[in-house]
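Position in the sequence shown (first residue = 1) + 10 = my numbering. No residue lacks a Cβ here, since even glycine has one placed at the ideal position from N, Cα and C. Since the model is a prediction, treat every value here as computed from it, not as a measurement. Below is one structure; the comments refer to it alone.
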Amino acid sequence: MRIPVDSVVDAVKMGVSVQGDVDAPVRVAVYLDANAPSHIVSCLRDALVPQATSGLVRVARLDAPAFSVKADTDVALVVSSGSPLLQDRVQQIVIAGVPTVVLCESSVEVPFIQRDTAMLGLIAASDATHLLSSLARWILDRTDKETAFAANFSFMRIAASMRIVRSAAMANLATGALFFVPGADFPIMTMTQLGMMLKLAGVFGKPMRVERAYEAALVLAGALALRAGARAVVRRAGRPGVLFKALIAGAGTFGMGCCLSAYYERDVDYGPLNDFFRGTYVRARSLIAPEPLTAQ
11 MRIPVDSVVD AVKMGVSVQG DVDAPVRVAV YLDANAPSHI VSCLRDALVP QATSGLVRVA
71 RLDAPAFSVK ADTDVALVVS SGSPLLQDRV QQIVIAGVPT VVLCESSVEV PFIQRDTAML
131 GLIAASDATH LLSSLARWIL DRTDKETAFA ANFSFMRIAA SMRIVRSAAM ANLATGALFF
191 VPGADFPIMT MTQLGMMLKL AGVFGKPMRV ERAYEAALVL AGALALRAGA RAVVRRAGRP
251 GVLFKALIAG AGTFGMGCCL SAYYERDVDY GPLNDFFRGT YVRARSLIAP EPLTAQ
């Protein structure tokens, strides 16, 4: 089925929008208590290294005499093992309107936080893997800059990408179940998959370049393959075919997203492929319109 021109235009607009999401400014404040656990401090030092110029991490002491919270702060991380000053400082940060999470080794060190809220949370972890995975989920639950955060901080990319993949899979599952006219759902599903591809590229720090066209071509090929498979199943299944069509759309989109995520985790060199197409274009142009001979 032919993709309408307006769908292509929408895809381009979507790419521009995703690039804007990637470039959104990200501001993280890290406050260190005097007794902050060294292994947590070391873990955050390695993890909170912005990968783009849009990211900024500010570090300050919790017991600083001139304690302040910048107005543009997106999230605040407080590292402590518990202290008399901790509750008062955390309250100041929350009152300033900044989502705040306290990072410590044990929850008994921070008794004033009984449960997570929209503005205040607690992560108690003794190993780096649990700490970073919990922190990634906590931040993603409390920001509307998911793409920018993941593009800047690599430890957040898996959690962010899985949210994107699951959302696209559920959207196409619903589309497959609600559209009964054969072929009517194909452009919608394909646009969802292209949008997923562009968001995943942004999450993994892949800028909008001509190379994304190769990946879009693979997504379109995958969409056509899923459509052909769904049609074959619907013809054989009869009335329950709508259910199978929806399941194929959802599962196929999920699998496509997982493959794209694994692909974007690796740095692929498109140089040889670009050289091939460039050389093919030059040869084709010389055959169609050869350069005129000049007199010697």
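Using C-beta distances below 7 Å, list every residue in its chain close to residue i, excluding the 5 sequence neighbours before and after it, in chain order.
i, result
"E115", "P47, S91, A134 and S136"
"S93", "D43, A44 and N45"
"S144", "I133 and A135"
"A146", "F165, M166 and A169"
"H308", "Only positions 11 to 306 of the chain appear in this structure, which leaves residue 308 out of reach."
"A57", "L142, F163 and F165"
"D31", "T157, A158 and G212"
"C269", "none"
"V51", "L42 and V89"
From what residue to what residue does the beta strand (DSSP E) around residue i run?
i, result
"T153", "Premise fails: T153 is in no beta strand (DSSP E) and is neither H nor E."
Hey, could you find the ends of the alpha helix (DSSP H) residue i is sitting in?
i, result
"V229", "R222 to A247"
"I174", "R167 to L188"
From the DSSP output, read off the bridge partner residues of residue i.
i, result
"Y41", "A70 and V88"
"L130", "T110"
"V10", "What is shown of the chain runs 11 to 306, which leaves residue 10 out entirely."
Can you tell me which of the three DSSP states residue i falls into?
i, result
"V213", "helix"
"T200", "helix"
"L95", "coil"
"R55", "helix"
"F264", "helix"
"I123", "coil"
"S143", "helix"
"D195", "coil"
"F159", "helix"
"A46", "coil"
"S117", "helix"
"V100", "helix"
"M218", "coil"
"D277", "coil"
"A256", "helix"
"D31", "helix"
"A272", "helix"
"S164", "helix"
"A294", "helix"
"A135", "coil"
Quick one: what's got a C-beta closer than 6 Å to residue i's C-beta in the same chain, skipping five residues either side?
i, result
"T185", "D195, I198 and M199"
"L54", "none"
"G131", "V111 and W148"
"I123", "L132"
"S171", "L210, V213 and S271"
"A106", "V79"
"A138", "C53"
"A256", "L183, G186 and A187"
"A86", "A39, I103, V108 and T110"
"R176", "none"
"A247", "F254"
Ignore the nearest five residues each way along the sequence and tell me which others in residue i's own chain have a CB closer than 8 Å to its CB.
i, result
"A294", "none"
"P60", "V36, L66, V67, N162 and F163"
"A128", "P109 and R152"
"D33", "A62, S64 and A158"
"R82", "As written in the sequence, residue 82 is Asp, which differs from the Arg given in the question. Correct list, in chain order: P35 and R37."
Residue ranges of each beta strand (DSSP E) run of no fewer than 3 residues wholly in the stretch 59-87, ordered along the chain? 65-71
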